[in-house]
Amino acid sequence: MTFIFFMLNSLHIRMSFGISTKADYGVVLMTALAENAKGSPLSLRAISKHKRLPYSFLAQIVRHLKQARLVVSKEGLGGGYALARKSNTITLKEIVEILDGPIAIAPCTRDGRACPTQHICGTKSEWEKLKTNISDLLGDTTLADIIKSSS
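Numbers given in this note's numbering equal positions in the sequence shown, counted from 1, plus 107.
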């Protein structure tokens, strides 16, 4: 995650822009499953090795994705994980929000409540616009789009 520090009325505020490593790896994992043309299950170990991502972290991530019904699992020989839906119906926004929670650019955009310092800050409306643009972009981008753009 990228962190930007700035001063506002002598208060130091830390704001993060971007997605977490968890969401990043989740998108990589989901893309690997989407790239599997056969649609047969892929083992998490194989994905971990091929994408050079930590297996234990992927195991945590895939549990969330399975709970959200974005992936299905098959146990035993030839088992692993596969997408639960077609890659052109799974958006980056879904993946990011499952793993990171609602998209928020600044603390004041996190829960929809009125900002207590808006009268001295005045930036909430701009953060809201940016949040909407990012949310729309993630919502319009599917796993199929990622595969198409990387080939």
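Cβ atoms here follow ideal geometry from the backbone N, Cα and C, with glycine treated the same way.
Proximal residues to Ala166 (C-beta, below 7 Å), its chain only, five neighbours per side dropped: These residues qualify, in order along the chain: Leu151.
Among Tyr132, Ser127 and Leu244, nearest to Thr198 - alpha-carbon criterion: Checked all of Tyr132, Ser127 and Leu244; the closest Cα to Thr198 is Leu244.
Close beta carbons around Ile212, own chain, < 6 Å, minus the five adjacent residues each side: Answer for Ile212: Trp234, Leu237 and Lys238, listed in chain order.
CB of Ala139 within 8 Å of CB of Lys156, strictly: No, the Cβ-Cβ distance between Ala139 and Lys156 is not below 8 Å.
Per-residue burial, Tyr162 [other beta carbons within 10 Å of its own, 16 or more giving buried]: So Tyr162 ends up on the exposed side.
Range covered by the alpha helix (DSSP H) that runs through Ala139: For Ala139, the enclosing alpha helix (DSSP H) covers residues Thr128 to Glu142.
First through last residue of the alpha helix (DSSP H) which encompasses Ser163: It spans Tyr162 to Gln174 - the alpha helix (DSSP H) in which Ser163 sits, taken as one unbroken run.
Cβ separation of Ile202 and Ala130, assumed to be a contact under 8 Å, to the nearest whole Å: Contact flag correct, Cβ pair sits at about 7 Å.
Sequence-distant residues of its chain with Cβ nearer than 6 Å to Asn195 (five each side left out): Correct list, in chain order: Thr249 and Ala251.
Those runs of the alpha helix (DSSP H) which lie wholly inside the region 174–210 and span at least 4 residues: Segments of the alpha helix (DSSP H) lying fully in the region 174–210: 199–207.
Limits of the alpha helix (DSSP H) - the one that Leu151 falls within: In this chain, the alpha helix (DSSP H) harbouring Leu151 covers Leu151 to Lys158.
C-alpha distance - Ala189 paired with Ile210, whole-angstrom precision: If you take the alpha carbons of Ala189 and Ile210, they lie about 26 Å apart.
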